[in-house]
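J.:
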Amino acid sequence: MASRCTRATADPDQVIAAARAWLGTPYHDQASLRGAGCDCLGLARGVWREVVGQEPFPIPPYSRDWGETGPREVLAEGARSMMIEVSPSDAGPGALVLFRMMPRAIAKHVGILTGPGTFLHAYERLGVIEEPLTQSWRRRIAFAFLFPDEV
């Protein structure tokens, strides 16, 4: 899907540097504090705060199984309201990608592309890591978004 707006995008190098500053942060549900704890959404929120500015709205509490409880693409809808949507095939380094963890399920995992074959994400038991974007991960990408340069 092509971008629907003409807003300027954030510098991908700045997005990647901000994301890599979170490497080693332990995994913690619903947290977003670099070095102390975050989940995948908390990582994206932290990068947003560093690159773009204040978060535009508070994130409501969510359960660990929220992605199995409804048909709405909650993450995609939220990202679409404040970011620049691009086709997953056009997403490059610095893009935020949303993954479907199971076929026909809603997208419920978030990562940031750091290179043509790598991405960074917060993963249970591992914390924030950077790893290869294997075919297994690549085929799960459902949506992609670019960070705007400002709100």
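According to UniProt numbering, the sequence shown holds residues 1 to 151 in order.
Ideal Cβ placement from N, Cα and C applies to all residues, glycine included.
Everything numeric in this text was worked out from a predicted model, so none of it was measured.
How would you label Thr25, buried or exposed, when you count the other beta carbons within 10 angstroms and need 16 or more for buried?
T.: Indexing the sequence shown from 1 puts residue 25 at position 25. It counts as buried.
J.: Please classify Arg139: is it buried, with 16 or more other beta-carbons within 10 angstroms of its beta-carbon, or exposed?
T.: Sequence index remark: in the sequence shown, residue 139 carries index 139 (1-based). Label assigned to Arg139: exposed.
J.: On the DSSP bridge assignment, give the partners of Thr118 in chain order.
T.: The residue you call residue 118 lines up with position 118 of the sequence shown. Gly115 and Pro132, per the DSSP bridge assignment.
J.: Using a threshold of 9 Å, state whether the C-beta atoms of Ala107 and Leu146 are closer than that.
T.: Looking up residue 107 in the sequence shown gives position 107. Looking up residue 146 in the sequence shown gives position 146. Not closer than 9 Å, so no.
J.: Hey, quick one: how far does the alpha helix (DSSP H) through Leu41 stretch, first residue to last?
T.: Residue 41 sits at position 41 when you count from the first residue of the sequence shown. Its alpha helix (DSSP H) spans residues Cys40 to Val51.
J.: Assuming Ala44 and Phe143 make a contact with CB atoms under 8 Å, what is their CB distance in whole Å?
T.: Residue numbering aside, residue 44 sits at position 44 when the sequence shown is read from its first letter. Residue numbering aside, residue 143 sits at position 143 when the sequence shown is read from its first letter. The pair is not a contact, with the Cβ atoms about 12 Å apart (cut-off 8 Å).
J.: Note down, in chain order, each residue of its chain lying with its Cβ closer than 7 Å to the Cβ of Ser3, except the 5 sequence neighbours on either side.
T.: Taking the first residue of the sequence shown as position 1, residue 3 is located at position 3. Caution applies to Ser3, whose pLDDT of 42 falls short of 50 and renders its modelled position unreliable; the model cannot decide the point.
J.: Following the continuous alpha helix (DSSP H) through Ala18, name the residue where it begins and the one where it ends.
T.: As a working note, residue 18 is residue 18 in the sequence shown. Run containing Ala18: Pro12 to Arg20, per the alpha helix (DSSP H) assignment.
J.: Give the DSSP-derived three-state secondary structure of Leu23 in the structure shown.
T.: Here residue 23 corresponds to residue number 23 of the sequence shown, with the count starting at 1. Here Leu23 sits in coil by DSSP.
J.: Could you pull out every residue in the same chain whose Cβ sits closer than 8 Å to the Cβ of Phe99, ignoring the five residues on either side in sequence?
T.: The residue labelled residue 99 in the question sits at position 99 within the sequence shown. Counting only Cβ-Cβ distances below 8 Å, and skipping sequence neighbours, we find Ala107, Lys108, His109, Val110, Gly111, Trp137, Arg140, Ile141 and Ala142.
J.: Tell me the DSSP secondary structure of Val151 in three-state form.
T.: As a first step, residue 151 is located in the sequence shown; it is residue number 151 there, counting from the start. Val151 falls in the coil class under three-state DSSP.
J.: My assumption, with CB atoms under 8 Å, is that Glu150 sits in contact with Gly53. Please give the rounded CB distance.
T.: As a first step, residue 150 must be located in the sequence shown, where it is residue number 150. As a first step, residue 53 must be located in the sequence shown, where it is residue number 53. About 7 Å separates the CB atoms of Glu150 and Gly53; that is less than 8 Å, so the two are in contact.
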